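Participant:
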Amino acid sequence: AGWNEGRIYFPPTYKYSTNSDKYAGEDMNQKEKRRTPAWCDRILWYGRGLGQLSYVRGESRFSDHRPVYSVFSAEVESINHSRIQKMSCSSSQLDIGELLPYSYGYTDINPYGYTDLNFY
């Protein structure tokens with residue numbers, strides 16, 4: 002069991018003209034270097050018990066890349082909490098909230114004035 006990647010069913014994620022749906026170099030009148038569209042943004046996973054449920058491309062236009070995101074199911078081992086308390090000190094235990102990424106509201110720091118940006 003090595004590294005895995007799900008099947009890609011979305012269009013290339015790079016290189017776009019900023020704030021545009023056109024690939025860089027698509028318009029030959031621009032001074033941008035012509036680039037071949039590519040799948041530069043990928044999600045790989047490693048380990049047993051993981052199943053990819055979704056692998057898609059986002060449509061945000063604030064960069065020359067399009068974001069990709071994925072949803073996974075994970076098999077986890079159930080832990081005997083009384084055994085853990087005997088083996089470890091309480092300061093080493095984490096609350097599940099500490100493991101989750103914090104979501105920043107991008108509309109608060111939005112230099113382009115977009116109102117339809119929603120990231121979770």
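With the numbering used here applied, the sequence shown corresponds to residues 2 to 121, in that order. For every residue, glycine included, the Cβ atom is placed at its ideal position computed from N, Cα and C. The structure displayed is predicted, hence computed values, not measured ones.
1. Pick from N5, Y17, I9 and P13: whose alpha carbon is nearest that of F63?
2. Per DSSP, what are the beta-bridge partners of Y56 in this structure?
3. Closest by CA to C41, which one among V72, Y24, T14 and N81?
4. Suppose the cutoff is 7 Å on Cβ atoms and the five residues either side in sequence are ignored; what does the same chain contact list for G11 look like?
5. Sort out for me which residues DSSP pairs Y15 with in a bridge.
6. What is the DSSP secondary structure of S92, counted as helix, strand or coil?
7. Classify R67: buried if its beta carbon has 16 or more other beta carbons within 10 angstroms, exposed otherwise.
8. Short of 7 Å in beta carbon distance, which residues of its chain neighbour K75, apart from the five on each side in sequence? Order them along the chain.
9. With which residues is Y47 paired in a DSSP beta bridge?
10. Tell me the rounded alpha-carbon separation between L54 and S79.
11. Measure the C-alpha to C-alpha separation of A25 and V72 and round it to an integer number of angstroms.
12. Rounded to whole angstroms, what's the CA-CA distance from K23 to R43? Just pull it up for me.
Facilitator: If we stick to the structure as given:
1. Ranking the options by Cα distance to F63, first place goes to Y17.
2. The partner list for Y56 (beta bridge, DSSP) reads S71.
3. Answer by Cα proximity: T14.
4. This sequence places Phe at residue 11; Gly is not what is there. Excluding residues up to 5 positions away in sequence, V57 and R58 lie with their Cβ nearer than 7 Å to the Cβ of F11 in the same chain.
5. Answer is A39 and H66.
6. Note that S92 scores a pLDDT of 48, beneath 50, so its modelled location is shaky; the value from the coordinates is reported in the next line. For S92, the secondary structure class from DSSP, reduced to helix, strand or coil, is helix.
7. With 16 or more Cβ atoms within 10 Å of its Cβ, R67 is classed as buried.
8. Rather than Lys, the amino acid found at residue 75 in this sequence is Ala. Counting only Cβ-Cβ distances below 7 Å, and skipping sequence neighbours, we find G50 and L51.
9. DSSP output for Y47 lists W4 as bridge partner(s).
10. Using only the alpha carbons, I get a separation of about 22 Å.
11. Cα to Cα, the separation comes out at about 29 Å.
12. Going by C-alpha positions, K23 is about 20 Å away from R43.
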